[in-house]
Amino acid sequence: MEKDEDAFQEQRHLVSIHDAGQRLDSFLSVRTGLSRCSAQRLIQEGLVWVDGKARSRSYRLKPGEAVRVLIPPPPRCVLRPEPIPLRIVYEDAWLVVIDKEPGMVVHPSPGHASGTVVHGLLHRFPGLEAVGAQLRPGIVHRLDKDTSGLLVVARTEEAYRFLVNQFKSHRVRKEYLALVVGRVEGEEGEIEAPIGRSPKDRQKMGVRTARGRAAITRFLVEERFAHHTLLRVRPETGRTHQIRVHLAHLGHPVWGDRVYGGKRLRAGRKEGEGWSGPRRQMLHAWRLCFPHPAGEGFLALEAPIPADMEEVLRLLRSELGGPGEKMPLRGGQGGAECRS
-18 MEKDEDAFQE QRHLVSIHDA GQRLDSFLSV RTGLSRCSAQ RLIQEGLVWV DGKARSRSYR
42 LKPGEAVRVL IPPPPRCVLR PEPIPLRIVY EDAWLVVIDK EPGMVVHPSP GHASGTVVHG
102 LLHRFPGLEA VGAQLRPGIV HRLDKDTSGL LVVARTEEAY RFLVNQFKSH RVRKEYLALV
162 VGRVEGEEGE IEAPIGRSPK DRQKMGVRTA RGRAAITRFL VEERFAHHTL LRVRPETGRT
222 HQIRVHLAHL GHPVWGDRVY GGKRLRAGRK EGEGWSGPRR QMLHAWRLCF PHPAGEGFLA
282 LEAPIPADME EVLRLLRSEL GGPGEKMPLR GGQGGAECRS
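According to my numbering, the sequence shown is numbered sequentially starting from -18.
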């Protein structure tokens, strides 16, 4: 192959029993975060191997097979603003907070050279390209492609340094809504389990007792359905994929999570019953509370549940003939609660 492989990002993925029977292009799309079209292009260009052999995009994977993929680097070019609509929740001279739509990539990466949140931000806020990292201007924390909700962006270098430090030192209170598989017992719980990269698949995280980093996730039960539970989740630490990994470890993966959900994606449903569940992971960055970089107290913000998640909840309630089992109302997220 006449390609400079050193310039490519190499990924290796092990096919688990849960992935058996998946098409190669579909498997790659889920594991790499690329669109299915981009995954097919890599296969066509000879950049994907299964156990060392080139396979077609429709090849059905078997447990234990190893998939190797080379992802080309993003084009070496200056980021160009794009008129991408963004839902602004809050903005001032220091920062902006958006309500990110599900399916939207935050910043350019292999396979996502355009159409990201960053491209839209550059169009809306000229000068942002000078703040923070080159391909992540203004971005101070992560939000997965298929996770919706609040995303904080710094507008000045001073605000960038301040906010990055707040997130790294866990001084930002984050609260998510997660619709998980199964009925979670009790009203609340805590998951304390170290998280690290999987030794078999470096793109996946997992609970790693020996080499993982400390991670704590707390949750409250908001509403129970026949086969699912709506949780309010508060990560006390900020590990990659923390909520998704911890809830899967608990035995209640986020519904629709095609990486950590395993065989429980269709919980409570049999093949041929019609609606098979959500098209993406039901995880929403619901609330944020953090000190303002100008020293003007705390910002407490909330993003409404997105339409696709509301529709899933409506369908679950309709199956019960009414609302699910709801827990008693709990306090909101005011400034005093931010300081706790």
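Ideal Cβ placement from N, Cα and C applies to all residues, glycine included.
Exercise. State the Cα-Cα distance for the pair Glu203 and Arg268, rounded to the nearest angstrom.
Key: 15 Å
Quiz item: Does the region 229 to 242 come within contact of the region 159 to 166, defined as at least 3 CB pairs closer than 8 Å?
Solution: yes
Quiz item: When you compare only the Cα positions, how much space is there between His209 and Asp238?
Solution: 14 Å
Practice problem: Taking Glu139 as part of the alpha helix (DSSP H), name the residues at either end of that continuous run. | Solution: 138 to 149
Practice problem: Return the CA-CA distance between Ser(-3) and Gln262, expressed in angstroms with no decimal places. | Solution: 19 Å
Practice problem: Using 10 angstroms around the beta-carbon of His151, count the other beta-carbons present and answer buried if the total reaches 16, otherwise exposed. | Solution: exposed
Quiz item: Does DSSP put Ser321 in a helix, a strand or coil?
Solution: In this prediction, Ser321 has a pLDDT of 46, which is less than 50 and means its spatial position is unreliable; nothing more can be read from the coordinates.
Quiz prompt | Under the three-state DSSP convention, the category Thr198 falls into | solution = strand
Quiz item: What three-state label does DSSP hand His93 in the structure shown?
Solution: strand
Exercise. Please classify Glu156: is it buried, with 16 or more other beta-carbons within 10 angstroms of its beta-carbon, or exposed?
Key: buried
Quiz prompt | Residue interval of the beta strand (DSSP E) (run including His265) | solution = 264 to 272
Quiz prompt | For Phe279, the three-state DSSP class (helix, strand or coil) | solution = strand
Quiz item: Just checking my contact of Ser39 with Arg4 at CB under 8 Å: how many whole Å lie between their CB atoms?
Solution: 5 Å
Quiz item: My guess is that Val70 and Val78 are in contact by the Cβ rule of under 8 Å, so how many angstroms apart are they, rounded?
Solution: 5 Å
Exercise. Would you kindly report the start and end of the unbroken beta strand (DSSP E) that includes Gln(-10)?
Key: -10 to -5
Exercise. On a CA-only basis, which of Asp32, Glu300, Arg213 is nearest Arg154? Give me that one, please.
Key: Arg213
Quiz item: Quick one: is Lys81 buried, meaning 16 or more other Cβ sit within 10 Å of its Cβ, or exposed?
Solution: buried
Quiz prompt | Alpha carbon of Gln223 to alpha carbon of Ile286, nearest angstrom | solution = 21 Å
Quiz item: When the Cα atoms are used, what is the spatial distance from Asn146 to Val121?
Solution: 9 Å
Exercise. Would you verify that the beta carbon of Ala266 is, or is not, closer than 9 Å to some beta carbon of chain E?
Key: Annotation note: the requested chain E is absent from the structure, which comprises a single protein chain.
Quiz item: DSSP on Gly243, reduced to helix/strand/coil?
Solution: helix
Quiz item: Where Glu292 and Ala266 are concerned, what is the direct C-alpha to C-alpha distance, given to the nearest angstrom?
Solution: 17 Å
Quiz item: Excluding sequence positions up to five away, which residues of its chain have a Cβ less than 7 Å from the Cβ of Ala1?
Solution: Leu42, Lys43, Pro44
Exercise. With distances taken Cα to Cα, identify the nearest neighbour of Ile65 among Val98, Cys270, Val240, Arg49.
Key: Val98
Self-check item: Length of the line joining the Cα atoms of Leu67 and Leu102
Solution: 8 Å
Quiz item: In the DSSP assignment, what are the bridge partners of Trp30?
Solution: Arg49
Quiz prompt | For Gly119, three-class secondary structure by DSSP | solution = coil
Quiz item: What first and last residue would you give for the beta strand (DSSP E) that runs through Leu301?
Solution: No beta strand (DSSP E) contains Leu301, which is instead part of the alpha helix (DSSP H) from 288 to 301.
Practice problem: List the residues that DSSP assigns as beta-bridge partners of Pro216. | Solution: Thr198
Exercise. Report yes if the CB atom of Pro304 is closer than 9 Å to the CB atom of Leu76, and no otherwise.
Key: no
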